[in-house]
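>
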Amino acid sequence: MNIKSLKLGELESLACDIRERILSVVSTNGGHLSSNLGVVELSIAMHYVFNPPNDPFIFDVSHQSYTHKLLSGRWNEFDSLRQFGGISGYTKPSESEYDYFIAGHSSTSISLAVGAAKAIKLKNEDRLPVALIGDGALSAGMAYEALNELGDLKYPCVIILNDNEMSISKPIGAMSKYLSQMMAGPFYQKFKSKINQLLELMPDSAAYMAKRLEEGIRLITPGMFFEELGLEYIGPVDGHNIKDLISAFSVAQSIQKPVIVHAQTIKGKGYEIAEGPKEKWHGVSPFNPQNGIALQKSSQKNATAIFSSLLLELASKYDNIVGVTAAMPSGTGIGALIEKFPDRFWDTAIAEQHAVTSMAAMAKEGFKPYIAIYSTFMQRAYDQVIHDCAILNLPVVLCMDRAGIVGEDGETHQGAFDISFLNAIPNFTLAAPRDELMFKEIMEFSYSFNSPLAIRYPRGNFGLSDEFKPVKVELGKSQILSQNNENVAFIGYGNAVAKAYKVAKFLDINPTIIDLIFIKPLDKELLLNLAKEHKKWYIFSDSAKRGGVGEILSGFLQENNIKDVNIISFEYEDKFITHGSINLVENSLNISIEEIAKKIIL
4 MNIKSLKLGE LESLACDIRE RILSVVSTNG GHLSSNLGVV ELSIAMHYVF NPPNDPFIFD
64 VSHQSYTHKL LSGRWNEFDS LRQFGGISGY TKPSESEYDY FIAGHSSTSI SLAVGAAKAI
124 KLKNEDRLPV ALIGDGALSA GMAYEALNEL GDLKYPCVII LNDNEMSISK PIGAMSKYLS
184 QMMAGPFYQK FKSKINQLLE LMPDSAAYMA KRLEEGIRLI TPGMFFEELG LEYIGPVDGH
244 NIKDLISAFS VAQSIQKPVI VHAQTIKGKG YEIAEGPKEK WHGVSPFNPQ NGIALQKSSQ
304 KNATAIFSSL LLELASKYDN IVGVTAAMPS GTGIGALIEK FPDRFWDTAI AEQHAVTSMA
364 AMAKEGFKPY IAIYSTFMQR AYDQVIHDCA ILNLPVVLCM DRAGIVGEDG ETHQGAFDIS
424 FLNAIPNFTL AAPRDELMFK EIMEFSYSFN SPLAIRYPRG NFGLSDEFKP VKVELGKSQI
484 LSQNNENVAF IGYGNAVAKA YKVAKFLDIN PTIIDLIFIK PLDKELLLNL AKEHKKWYIF
544 SDSAKRGGVG EILSGFLQEN NIKDVNIISF EYEDKFITHG SINLVENSLN ISIEEIAKKI
604 IL
């Protein structure tokens with residue numbers, strides 16, 4: 004959609020149409036709502052002033068790229084948002100040339116922009132990287148690493164700071180507001196450039212006094228921090244005023260230096276129910292747009308809620324329990340603990356590395372830390388898990404939500420790799436509950452366990468409820484759920500034990516079913532006995548096949564010189580997993596109950 008010829012009134016009308024389109028599709032399909040409603044005018048102004056795809060548009064996290072998608076030829080396809088085979092909820096270069104990079108994790112945009120700026124400089128091209136980053140993403144250290152280098156390089160680059168919660172700094176008073184508006188205009192930027200040239204010709208004493216005056220002005224505006232890093236600063240700008248945004252972006256485009264454009268927006272703008280910093284409207288399931296009520300409500304308690312209640316129970320009993328989450332208090336269930344124990348539980352913002360290392364120090368001081376982070380986001384703290392937790396053998400507990408296929412968020416969010424990357428770390432123990440009752444047992448075990456422990460559990464509900472009786476958890480001990488002297492064993496780990504059970508029911512067979520409970524350490528005695536009579540092991544785990552449960556068990560058999568057991572794993576093949584409903588994604592991977600049943604040979 005070419006919007007450069009539209010008049011201001013037409014652009015404002017387009018913003019209304021886009022909001023209606025986003026609300027209609029997201030209320031049907033689910034997705035990120037408030038963040039996208041908040042950047043409609045920002046995205047329109049970006050497309051109006053800059054020149055994508057020649058100018059790389061880099062969206063941090065890219066969960067706020069819906070308007071960009073609608074403006075770049077995907078209006079008709081937008082109904083398929085986050086659906087299997089449809090368009091992604093994030094930017095995706097394979098989907099459109101207007102999507103410069105794939106994204107789903109926070110705080111990568113400025114680094115990407117710096118890299119693009121370096122490449123453009125080396126190729127001597129007339130292009131300008133444009134990054135859109137939310138104020139929350141500036142809580143991660145990677146963003147500051149990139150800003151630090153960019154301020155040194157001085158390569159042309161525009162960084163649009165979407166400040167929707169006033170988290171950078173709030174201008175105080177009428178004078179500050181006036182100065183901020185003035186600094187966003189072309190007159191001030193031209194005046195500043197001329198003054199800098201003039202200062203080079205003035206005596207040192209006069210230049211010093213002029214510089215001090217400029218610093219005094221900056222002290223009552225929000226741009227001081229960025230300018231101290233060597234970046235030009237424009238703003239704050241009203242992020243819902245298209246005219247002002249076009250003016251600010253045009254100035255930023257002309258400067259030919261790294262520029263921060265600070266835009267203040269309201270999350271959920273235009274949909275009153277979702278307006279403001281309300282976490283529940285960040286990511287939503289399908290809902291009625293008339294009243295905001297979710298269309299489907301499960302009566303079963305999901306794994307996150309179970310974790311939250313179990314940890315709350317433990318923390319009420321033991322006052323040395325502490326914990327963190329990284330910007331996901333509601334998503335991880337830690338919000339309830341922050342509310343009850345604000346001095347013992349914290350939200351570190353988008354700072355997984357800091358969250359892990361800070362809890363390592365608390366463990367060193369005699370506390371029992373629980374670190375609640377999604378499986379896919381734990382990847383971001385891998386060095387800290389090794390360097391700060393494992394080497395000293397500190398008793399931290401990694402509580403990894405969203406393990407396995409998470410559905411509509413796609414490649415960047417699927418919790419496929421935690422078993423593979425944690426199993427390699429010395430001193431670490433890995434466990435997973437199959438249902439709520441075993442989750443309780445594992446959590447009880449976790450408190451008294453004196454080494455690093457990682458617990459994984461799924462998004463949504465467990466596949467089992469009370470089909471099997473729980474057992475008291477002992478380190479490295481598995482549980483035989485059903486036993487048969489035939490040749491076949493179904494070996495499950497975590498929530499995938501449910502799939503083993505359901506495949507057996509589907510086929511109307513009675514194999515021996517094992518719940519590993521621990522994948523590290525393994526129950527060697529049980530597995531050695533199992534190998535004597537069961538020569539076909541079918542492996543069920545919601546994880547990558549490479550370095551996963553099947554390979555771990557194959558290594559165990561090899562180490563024990565057992566050559567007559569055949570292992571067949573139903574884990575994920577060596578590729579990234581696309582977005583879509585969990586059922587459709589599993590069908591595409593041939594690991595649905597029906598597809599697995601076709602591969603079972605008795």
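Heads up: the sequence shown begins at 4 in my numbering, then just goes up one per residue.
For each residue, glycine too, the CB sits at the ideal point set by N, CA and C.
1. From Tyr-93, Glu-13, Asn-426, pick the residue whose C-alpha is nearest to that of Thr-581; which is it?
2. Return the chain-ordered ranges of every beta strand (DSSP E) run that is complete within the segment 545-582 and spans a minimum of 3 residues.
3. Where does Ser-38 fall in DSSP's three states?
4. Assuming Ile-610 and Gly-550 form a contact by the criterion Cβ under 8 Å, report the distance between their Cβ atoms to the nearest whole angstrom.
5. Within 10 angstroms of its Cβ, does Leu-531 collect 16 or more other Cβ (buried), or is it exposed?
6. Who are the Cβ neighbours of Leu-73 in its own chain at under 7 Å, not counting the five residues just before and after it?
7. Going by beta-carbon coordinates alone, are Ala-330 and Asp-350 separated by less than 8 Å?
8. What separation, rounded to the nearest whole angstrom, lies between the Cα atoms of Gly-1 and Thr-307?
9. Over the uninterrupted alpha helix (DSSP H) stretch that includes Asp-82, give me the two end residues.
10. Please report how far the alpha carbon of Ser-544 lies from the alpha carbon of Asp-511, in whole angstroms.
11. For Leu-456, does the count of other Cβ atoms within 10 angstroms reach 16, so buried, or fall short, so exposed?
12. Output needed for Gly-176: all residues of its chain with C-beta closer than 6 Å, excluding positions within five of it in sequence on either side, in chain order.
13. If contact is defined by three or more beta carbon pairs under 8 Å, each pair taking one atom from either stretch, is the segment 559-570 in contact with the segment 396-413?
14. Apart from the five residues on each side of it in sequence, which residues of its chain come closer than 6 Å, Cβ to Cβ, to Phe-370?
15. Using the Cα positions of Val-474 and Phe-448, report the straight-line distance between them to the nearest angstrom.
16. How is Phe-190 classed by DSSP in three states: helix, strand or coil?
17. Can you check DSSP and say which residues form a bridge with Val-474?
18. For Lys-371, does the three-state DSSP call read helix, strand or coil?
19. How do the segment 424-438 and the segment 578-595 stand: do at least 3 beta-carbon pairs fall below 8 Å, yes or no?
20. Does the Cβ-Cβ distance between Ser-38 and Lys-281 come in under 8 Å?
21. For Ala-434, list the residues DSSP reports as bridge partners.
22. Which residues bound the alpha helix (DSSP H) around Val-500?
23. Taking all protein chains shown into account, do 16 or more other C-beta atoms lie within 10 angstroms of the C-beta of Phe-252, making it buried, or fewer, making it exposed?
24. What does the Cβ neighbour count give for Pro-524, buried or exposed, with the cut at 16 atoms within 10 Å?
25. Does the distance from the C-beta atom of Asp-607 to that of Ser-112 stay below 8 Å?
26. At what residues does the beta strand (DSSP E) containing Ile-136 begin and finish?
27. Does DSSP put Lys-539 in a helix, a strand or coil?
28. Let me make sure I understand the geometry here. Which of Asp-567, Leu-314, Asp-155, Gln-299 has the alpha-carbon closest to that of Tyr-450?
Concretely, from the data shown:
1. Position 578 of the sequence shown holds residue 581. Among Tyr-93, Glu-13, Asn-426, the Cα nearest to that of Thr-581 belongs to Tyr-93.
2. 569-572
3. If you number the sequence shown from 1, residue 38 lands on position 35. Ser-38: helix per DSSP, three-state reduction.
4. With the chain covering 4 to 605 only, the question about residue 610 has no answer from this structure.
5. For the purposes of this step, residue 531 is taken as the residue at position 528 of the sequence shown. By the 10 Å Cβ count, Leu-531 comes out exposed.
6. Taking the sequence shown and counting its residues from 1, one reaches residue 73 at position 70. Correct list, in chain order: Ile-21, Arg-24, Phe-81.
7. If you number the sequence shown from 1, residue 330 lands on position 327. If you number the sequence shown from 1, residue 350 lands on position 347. In contact: Ala-330 and Asp-350 (Cβ atoms closer than 8 Å).
8. Because residue 1 is not part of the residues shown, which for the chain are 4 to 605, the question remains open.
9. The count along the sequence shown starts at 1 and reaches residue 82 at position 79. First-last for Asp-82: undefined, no H or E at that position.
10. The residue you call residue 544 lines up with position 541 of the sequence shown. The residue you call residue 511 lines up with position 508 of the sequence shown. Taking the straight line joining both Cα atoms gives about 21 Å.
11. Here residue 456 is taken as the residue at index 453 of the sequence shown, counted from 1. Taking all protein chains in view, the Cβ of Leu-456 is crowded by 16 or more other Cβ atoms within 10 Å, so the residue is classified as buried.
12. As a first step, residue 176 must be located in the sequence shown, where it is residue number 173. Note that Gly-176 has pLDDT 40, beneath the 50 cutoff, so the model's placement of it is unreliable and the number below is only indicative. Apart from the 5 residues on each side of it in sequence, Gly-176 has no Cβ closer than 6 Å to any other Cβ in its chain.
13. no
14. By 1-based counting over the sequence shown, the position of residue 370 is 367. Contacts found: Asn-323, Val-325.
15. Indexing the sequence shown from 1 puts residue 474 at position 471. Indexing the sequence shown from 1 puts residue 448 at position 445. Straight-line Cα distance between these residues: approximately 11 Å.
16. Position 187 of the sequence shown, counting from 1, holds the residue named residue 190. Because Phe-190 carries a pLDDT of 49, less than 50, the predicted location of this residue cannot be relied on, and no value is offered for it.
17. Here the question's residue 474 lines up with position 471 in the sequence shown. Looking at the DSSP output, Val-474 shares a beta bridge with no other residue.
18. Here residue 371 is taken as the residue at index 368 of the sequence shown, counted from 1. Strand, per DSSP.
19. Because the criterion of three Cβ pairs below 8 Å is not met, the segment 424-438 and the segment 578-595 do not touch.
20. As a working note, residue 38 is residue 35 in the sequence shown. As a working note, residue 281 is residue 278 in the sequence shown. Going by C-beta atoms, Ser-38 is not nearer than 8 Å to Lys-281.
21. Position 431 of the sequence shown holds residue 434. Ala-434 is bridged to Ile-458, Phe-521.
22. On the sequence shown, position 497 is the one that residue 500 refers to. Where Val-500 is concerned, the enclosing alpha helix (DSSP H) stretches over 500-510.
23. Working through the sequence shown from its first residue, we reach residue 252 at position 249. Result: buried.
24. Along the sequence shown, read from residue 1 onward, the residue named residue 524 stands at position 521. The residue in question, Pro-524, is exposed, as its Cβ has fewer than 16 Cβ neighbours within 10 Å.
25. Absent from the model: residue 607. The displayed extent of the chain is 4 to 605, so no value can be given.
26. Residue numbering aside, residue 136 sits at position 133 when the sequence shown is read from its first letter. Element bounds for Ile-136: 133-137.
27. Here residue 539 refers to the residue found at position 536 when the sequence shown is read from its first residue. If DSSP states are grouped into helix, strand and coil, Lys-539 belongs with the strands.
28. The sequence position of residue 450 within the sequence shown is 447, counting from 1. It is Leu-314 whose Cα lies nearest to the Cα of Tyr-450.
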